[in-house]
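Protein sequence lines, in the order shown, are assigned to chains P and S. Quick note: the first sequence, position 220, residue 220 per the numbering used here, numbers continuous. With positions in the second sequence counted from 1, the corresponding number in the numbering used here is that position plus 272. C-beta: ideal position from N, C-alpha, C; glycine also. No experiment lies behind these values; they were computed from the predicted model shown. Structure, as structure tokens:
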Amino acid sequence: MKRTVFAAPYAVWMAIFIFAPMLLIGYYAFTDGGDFTLANMRAGLDAMYMQVLIRSIWLAFRATLLCLLLGYPIAYLLSRMKHGTATLLSVFFVVPMWMNFLLRTYAWQVLLDSGGILNSLLISLNMPGQQLLYTEAAVLLGMVYNFLPFMILPVYTVLTKMDASHIEAARDLGANGMQTFFRVVLPLSMPGVISGVTMVFIPAITTFAISRLLGGGMFMLYGDLMENQFLLLNDWGSGSALSFILLILVIISMAVMRRAERQAGEEGAKLW
Amino acid sequence: MSDKHLIELFDVSKEYDGDAALKNIDLYVNHGEFLTLLGPSGCGKTTMLRIIAGFVMPSSGRVLMEGRDVAHIPPYKRKVNTVFQKYALFPHLNVFDNVAFGLKIKKLPKAEIERRVNTLLELVNLKGYGKRWVEQLSGGQQQRVAIARALVNEPEVLLLDEPLGALDLQLRKGMQVELKRMQQRLGITFIYVTHDQEEALTMSDTIVVLREGVIQQIGAPQDIYNEPRNAFVADFIGESNILPGMMACDYRVRFNGREYPCVDAGFGEEQPVEVVVRPEDVDILPLAQVGGNGMRGVVKSTLFMGVHYEIQVVSDGYTWMVHTTDAVDVGWQVGMQILPDAIHIMRPRP
Chain P
1 MKRTVFAAPY AVWMAIFIFA PMLLIGYYAF TDGGDFTLAN MRAGLDAMYM
51 QVLIRSIWLA FRATLLCLLL GYPIAYLLSR MKHGTATLLS VFFVVPMWMN
101 FLLRTYAWQV LLDSGGILNS LLISLNMPGQ QLLYTEAAVL LGMVYNFLPF
151 MILPVYTVLT KMDASHIEAA RDLGANGMQT FFRVVLPLSM PGVISGVTMV
201 FIPAITTFAI SRLLGGGMFM LYGDLMENQF LLLNDWGSGS ALSFILLILV
251 IISMAVMRRA ERQAGEEGAK LW
Chain S
273 MSDKHLIELF DVSKEYDGDA ALKNIDLYVN HGEFLTLLGP SGCGKTTMLR
323 IIAGFVMPSS GRVLMEGRDV AHIPPYKRKV NTVFQKYALF PHLNVFDNVA
373 FGLKIKKLPK AEIERRVNTL LELVNLKGYG KRWVEQLSGG QQQRVAIARA
423 LVNEPEVLLL DEPLGALDLQ LRKGMQVELK RMQQRLGITF IYVTHDQEEA
473 LTMSDTIVVL REGVIQQIGA PQDIYNEPRN AFVADFIGES NILPGMMACD
523 YRVRFNGREY PCVDAGFGEE QPVEVVVRPE DVDILPLAQV GGNGMRGVVK
573 STLFMGVHYE IQVVSDGYTW MVHTTDAVDV GWQVGMQILP DAIHIMRPRP
């Protein structure tokens with residue numbers, strides 16, 4: 001018996017839950033219930049939809065950047081701590097991930113609401129209440145909060161696996177702390193950074209619940225748009241066309257990341 | 273304390289969580305010297321190197337460089353460069369940028385960096401390898417890059433931590449010669465850590481033998497080999513026959529049931545000592561040449577080593593290791609002779 005037999009259940013699983021839906025998307029995107037057509041795709045490339053797509057990319061880009069700016073220093077500090085302390089602290093970042101994504105986002109709704117905890121605090125300090133919920137900043141906050149661990153973990157892994165002798169070599173060759181960081185530590189941790197960016201950017205660009213719960217539907221993202229096409233308008237044709245466009249976009253960005261990853265070294269590929 | 277000493281260690285000790293890695297080390301290193309720290313693993317030689325490099329702070333004692341206390345000078349401000357055990361080359365940089373690392377940190381003009389890096393690559397026989405990635409190089413080539421990367425900064429002292437440990441025997445021999453030549457040509461002080469006694473004997477001006485954090489002996493290779501101060505040094509440097517003995521009086525020692533004339537004195541009378549005889553200092557004689565009370569033995573094994581035979585001879589219950597060019601066979605009765613100056617007397621190990 002060949003060993004490949006054991007992979008059969010997985011192949012069936014993939015066929016049912018990955019390939020079949022993708023084929024269906026392709027089918028609905030390029031037919032009008034039987035005949036081949038490009039009408040759905042033309043509609044999908046409409047300027048208004050493109051605007052939503054660009055807004056989604058821009059928001060995902062900023063969320064990824066914020067995750068990187070926050071996540072890298074956190075991962076760096078964790079990697080320099082004693083192993084026990086670091087493990088304990090990383091639990092704080094990981095435990096919220098065990099909670100349902102929607103619940104976590106609802107929690108922020110409660111925190112940010114005009115009658116919510118943050119505003120109550122402001123008012124009790126005799127400061128004017130702020131419109132926190134249903135702003136773009138709230139959507140960004142929700143994304144950063146939800147995706148930050150996906151940035152921290154790969155960077156942390158790379159940093160802890162880094163050979164200490166490289167850092168010593170840099171010190172030995174005359175580099176002070178800053179120079180050692182920028183010339184050795186940062187470049188050597190790039191595989192982790194690229195993994196983290198991939199892990200954050202791709203879910204960020206496809207997200208839909210966060211923008212609805214924290215943006216109140218005022219900041220429609222591409223994910224919301226697709227959801228509307230399918231569930232509100234019941235227009236499977238154009239919904240599939242939008243999915244198809246996003247799929248291609250994701251594939252392109254994954255290819256770009258892979259390329260960068262290969263340039264940054266082989267280690268990154270082994271992380272996930 | 274004279275100012276010609278480049279590095280001085282005064283009463284340096286280092287403890288790790290209560291375990292002493294180095295105990296009361298006093299040592300000085302001269303300009304242009306090739307000094308080797310030799311000892312088995314765990315003897316503290318690497319710790320000593322790391323203290324000089326600045327990666328480890330001594331628990332007590334003082335380290336002076338050119339007469340100045342360097343306790344609070346971080347590694348990157350010391351005029352010392354290190355060749356690391358596993359090279360620690362930067363995998364994200366090519367050969368040129370690895371070697372140029374220190375010079376770029378110093379922000380030297382581009383043309384000068386290029387000139388100095390190329391000079392060094394030529395010195396280590398890697399001319400034209402600048403654009404290669406580190407992982408494309410063989411172990412020996414990586415080793416050379418590591419040496420070039422350290423030397424390009426023109427350090428006062430080059431620290432080498434078992435730099436040839438990862439290379440195969442033939443390459444290691446070649447690099448030993450090359451390193452020694454480089455050191456003589458550049459006139460830089462080398463502090464070299466190794467557990468390989470042969471390497472230490474070939475390359476060094478001075479050998480420091482360490483054991484469990486304590487210096488056992490400091491001296492030129494010939495002195496260390498010919499006049500080991502204690503049985504540990506004798507055992508560690510080269511092969512030795514080590515026997516318990518009794519000093520009868522000055523210039524007379526008794527061991528293995530016989531009394532021998534020797535050249536050592538000052539141990540007192542009827543004092544227990546340890547006797548060290550190098551295998552090549554035992555002469556094998558035909559039985560006919562041995563007098564009535566001469567030393568005799570039976571050959572237990574022979575091993576052809578190329579130039580000489582390594583044979584074991586059992587005599588009065590002790591198995592002697594002997595290096596000889598005479599061909600003998602197992603089972604033969606042979607006579608043996610040890611000249612007075614081949615007998616080294618040591619105080620017994622505590």
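Neighbourhood of residue i by C-beta, 7 Å cutoff - its chain only, sequence neighbours within 5 removed
i                 : result
isoleucine 123(P) : Gly129
glycine 268(P)    : In this prediction, glycine 268(P) scores a pLDDT of 39, lower than 50, which makes its location untrustworthy; the coordinate-derived value is nonetheless stated afterwards. Answer for glycine 268(P): Pro191, Gly192, Ile194, Ser195 and Glu261, listed in chain order.
histidine 595(S)  : Pro551, Glu552, His580 and Glu582
proline 363(S)    : Val406 and Glu407
histidine 166(P)  : Val184 and Leu188
glutamine 414(S)  : Tyr359, Leu361 and Val406
glycine 529(S)    : Asp588
alanine 204(P)    : Ala60, Ala63, Thr64, Met143 and Phe147
methionine 178(P) : none
threonine 160(P)  : Ser79
glycine 44(P)     : Ser238, Ala241, Leu242 and Ile245
Beta-bridge pairing of residue i - partner residues as DSSP gives them
i                : result
alanine 292(S)   : Glu287(S)
histidine 166(P) : Beta-bridge pairing links histidine 166(P) to no other residue.
proline 493(S)   : Answer is none; proline 493(S) lacks a bridge partner.
arginine 526(S)  : Met518(S) and Glu531(S)
serine 79(P)     : Its beta-bridge partners do not exist; DSSP assigns none.
Cβ shell of residue i (< 8 Å), same chain only, five flanking positions each side left out
i              : result
proline 346(S) : Gly326
glycine 597(S) : Per the sequence shown, residue 597(S) should be read as threonine rather than glycine. For threonine 597(S), where only same-chain residues beyond five positions count, the Cβ hits under 8 Å are Val579, His580 and Tyr581.
leucine 439(S) : Gly411, Gly412, Gln415 and Met447
valine 600(S)  : Ile556, Val571, Thr574, Tyr581, Ile583 and Val606
glycine 216(P) : Leu133 and Tyr134
Assigned secondary structure, residue i (DSSP; H/G/I helix, E/B strand, else coil)
i                  : result
alanine 241(P)     : helix
asparagine 40(P)   : helix
histidine 595(S)   : strand
glycine 339(S)     : coil
methionine 618(S)  : strand
valine 602(S)      : coil
arginine 501(S)    : coil
isoleucine 610(S)  : strand
glycine 71(P)      : helix
isoleucine 509(S)  : coil
tryptophan 99(P)   : Here the sequence assigns methionine to residue 99(P), which means tryptophan is not the residue at that position. Coil at methionine 99(P), not helix or strand.
glycine 569(S)     : strand
aspartate 555(S)   : strand
isoleucine 345(S)  : coil
histidine 303(S)   : coil
leucine 271(P)     : Low per-residue confidence applies at leucine 271(P): pLDDT is 45, beneath 50, and the placement is therefore not dependable enough to give any value.
isoleucine 460(S)  : coil
proline 544(S)     : strand
glutamate 266(P)   : The pLDDT assigned to glutamate 266(P) is 48, lower than 50, so where the model puts this residue is not dependable; a value taken from the coordinates is nonetheless given after this. Glutamate 266(P) falls in the coil class under three-state DSSP.
valine 585(S)      : strand
serine 476(S)      : coil
phenylalanine 6(P) : helix
With 16 other Cβ atoms within 10 Å as the buried cut-off, status of residue i
i                    : result
phenylalanine 182(P) : exposed
glutamate 471(S)     : buried
phenylalanine 6(P)   : exposed
phenylalanine 244(P) : buried
serine 476(S)        : buried
glutamate 305(S)     : buried
serine 332(S)        : exposed
tyrosine 288(S)      : exposed
isoleucine 16(P)     : exposed
isoleucine 248(P)    : exposed
valine 480(S)        : buried
threonine 591(S)     : exposed
histidine 616(S)     : buried
phenylalanine 373(S) : buried
threonine 4(P)       : exposed
cysteine 67(P)       : buried
glycine 569(S)       : buried
Nonlocal neighbours in the same chain, by C-beta distance under 6 Å from residue i, ignoring five residues either side
i                : result
leucine 281(S)   : Ile297, Leu299 and Val335
threonine 354(S) : Ala325 and Leu431
The ligand ATP heavy atom lying under 7 Å from the CB of residue i
i                 : result
methionine 608(S) : The ligand ATP is absent from the structure shown, which contains no ligands of any kind.
Proximal chain A residues relative to residue i, where beta-carbon distance stays under 9 Å
i                : result
glutamine 130(P) : Of the chains in the structure shown, none is chain A; the protein chains are P and S.
**Report entry** In chain order, each alpha helix (DSSP H) run of at least 4 residues that lies wholly inside the segment 404-430 of chain S
**Finding:** When DSSP assignments are scanned along the segment 404-430 of chain S, the uninterrupted stretches of alpha helix (DSSP H) that are 4 or more residues long and fall wholly within it turn out to be 411-423.
Query - Residue ranges of each alpha helix (DSSP H) within the segment 172-208 of chain P, 4 or longer - result: 177-180 and 190-206
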